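Report on the structure given below.
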Amino acid sequence: MMLEERLSDVIRAGEVFGVSADEIFNHLKARNSAQAQ
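Mapped onto the UniProt record's numbering, the consecutive letters of the sequence shown carry residue numbers 1 to 37.
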């Protein structure tokens with residue numbers, strides 16, 4: 001499965017649970033920043 005497909009699945013699942021795409025992206029950015037340190 002390609003990254004874009006996985007991300008699309010995550011966004012759709014998040015929306016089912018009331019989590020916006022912006023919240024998901026903000027979480028991923030914060031997580032990536034923390035791992036980079």
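For every residue, glycine included, the Cβ atom is placed at its ideal position computed from N, Cα and C.
These numbers come from a predicted model, not from an experiment.
- Where Ser8 is concerned, the enclosing alpha helix (DSSP H) starts and stops at 3–16.
- Across the structure, Lys29 and Met2 are spaced so that their CA atoms are roughly 19 Å apart.
- Around Glu23, the same chain offers Gly14 as residues with beta carbons nearer than 8 Å, after the five sequence neighbours per side are excluded.
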